[in-house]
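Which chain is which? The protein sequence lines are A and B, in order. Under our numbering, the first residue of the first sequence is numbered 539, with each subsequent residue one higher. Under our numbering, the first residue of the second sequence is numbered 2, with each subsequent residue one higher.
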Amino acid sequence: ETGVTQSPTHLIKTRGQQVTLRCSSQSGHNTVSWYQQALGQGPQFIFQYYREEENGRGNFPPRFSGLQFPNYSSELNVNALELDDSALYLCASSPGSSPHGYTFGSGTRLTVV
Amino acid sequence: AQSVTQLDSQVPVFEEAPVELRCNYSSSVSVYLFWYVQYPNQGLQLLLKYLSGSTLVKGINGFEAEFNKSQTSFHLRKPSVHISDTAEYFCAVHILTGGGNKLTFGTGTQLKVEL
Chain A
539 ETGVTQSPTH LIKTRGQQVT LRCSSQSGHN TVSWYQQALG QGPQFIFQYY REEENGRGNF
599 PPRFSGLQFP NYSSELNVNA LELDDSALYL CASSPGSSPH GYTFGSGTRL TVV
Chain B
2 AQSVTQLDSQ VPVFEEAPVE LRCNYSSSVS VYLFWYVQYP NQGLQLLLKY LSGSTLVKGI
62 NGFEAEFNKS QTSFHLRKPS VHISDTAEYF CAVHILTGGG NKLTFGTGTQ LKVEL
């Protein structure tokens, strides 16, 4: 059974640019949730995708958007990057929309300069 | 609004000593409670969770936690820590009604085990 894979592991972007982060969900999981973890903070919920539809969103602006594909992998897109977007972005897959069965990936460390 | 408070940002402890990491939550409705561990440059790993039943929950790596509804607490304990337990620990809550399908995390407690 494969776990959750995120790519890339690290990247550096310039303010104003756009970025796409990717997540491959664990086998058998149809739901992907994205979290942002700023330095020294706990993870903050961005949004969840369940069977290719957005199924809940946290307090993040519309420049944070996502997609889920038929194989349940997912992308997180961030437009017009700001310095405060620098963080560890975590993806969690689960076998349903409940957060009780999360499996987290190792994250993507995004640095905006 | 729900929140999770982890009262200690850092907890230093000697190897083989007991440890307690504190977590309090605020919610007027039923909650589910979780503890996760994060090792450097890694994602989150579930230690244990309380969904229902016995208020004493046993998890992996010898950790346990007790749900106390009257004190709205879910403190994490281990009777004897090891160097390998050095990590960041996060308490999280899922609000059953109106909270959506998400976890709300505390700010974390850095456990540092020393020889």
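Where a beta carbon is used, it is the ideal one built from N, C-alpha and C, also for glycine.
Exposure of residue i, with buried meaning 16 or more beta-carbon neighbours within 10 Å
i, result
"F607 (chain A)", "exposed"
"K113 (chain B)", "exposed"
"Q555 (chain A)", "exposed"
"L45 (chain B)", "buried"
"P600 (chain A)", "exposed"
"T641 (chain A)", "buried"
"D622 (chain A)", "exposed"
"G566 (chain A)", "exposed"
"L77 (chain B)", "buried"
"P19 (chain B)", "exposed"
"G107 (chain B)", "buried"
"S53 (chain B)", "exposed"
"G580 (chain A)", "buried"
"V616 (chain A)", "buried"
"I84 (chain B)", "exposed"
Simplified DSSP state of residue i, which is helix, strand or coil
i, result
"S603 (chain A)", "strand"
"S548 (chain A)", "According to the sequence provided, residue 548 (chain A) is His. The question's Ser does not apply to it. Three-state result, H548 (chain A): strand."
"S635 (chain A)", "coil"
"L8 (chain B)", "coil"
"G63 (chain B)", "helix"
"L621 (chain A)", "helix"
Beta-bridge pairing of residue i - partner residues as DSSP gives them
i, result
"P13 (chain B)", "B:K113"
"R560 (chain A)", "A:S545, A:E613"
"T108 (chain B)", "None; T108 (chain B) has no bridge partner."
"T641 (chain A)", "A:S631"
"V20 (chain B)", "B:K79"
"N69 (chain B)", "B:S74"
"V49 (chain B)", "The residue asked about is misnamed: residue 49 (chain B) is Leu in this sequence, not Val. Paired residues: B:W36."
Element boundaries [beta strand (DSSP E), containing residue i]
i, result
"V570 (chain A)", "569-575"
"I584 (chain A)", "582-588"
"H95 (chain B)", "88-96"
"H76 (chain B)", "74-79"
"Y26 (chain B)", "25-27"
"G594 (chain A)", "591-595"
"R647 (chain A)", "646-650"
"F35 (chain B)", "32-39"
Contact list for residue i against chain E, beta-carbon separation under 8 Å
i, result
"G596 (chain A)", "In the displayed structure, chain E is absent; the protein chains listed are A and B."
Inset, instruction - Residues of the segment 640-651 of chain A with a CB closer than 9 Å to any CB of chain B: list them in chain order, please. - result: Within the segment 640-651 of chain A, the qualifying residues are Y640, T641, F642, G643, S644, G645, R647.
Inset, instruction - Using a Cβ-Cβ cut-off of less than 7 Å, list which residues of the segment 619-635 of chain A approach chain B; keep chain order. - result: Residues passing the 7 Å Cβ filter: L628, S635.
Legend entry - Against chain A: residues of the segment 100-112 of chain B by CB proximity under 8 Å: Here the close residues are G101, N102, K103, L104, T105, F106, G107, T108, G109.
Legend entry - Contacting positions in the segment 38-55 of chain B - beta carbon closer than 9 Å to chain A: The segment 38-55 of chain B vs chain A, Cβ under 9 Å: Q39, N42, Q43, G44, L45, Q46, L47, K50, L52.
Inset, instruction - Scan the segment 83-95 of chain B for residues whose Cβ lies nearer than 7 Å to a Cβ of chain A and list them as they occur along the chain. - result: Along the segment 83-95 of chain B, going in chain order, the ones with a CB nearer than 7 Å to a CB of chain A are F91, H95.
Legend entry - Contact residues within the segment 563-583 of chain A, judged by C-beta distance below 9 Å to chain B: Near chain B, meaning a CB-to-CB distance below 9 Å, the residues of the segment 563-583 of chain A are T569, S571, Y573, Q575, G578, Q579, G580, P581, Q582, F583.
Legend entry - Residues in the segment 13-30 of chain B having any Cβ partner in chain A nearer than 9 Å: Within the segment 13-30 of chain B, not one residue has a Cβ closer than 9 Å to any Cβ of chain A.
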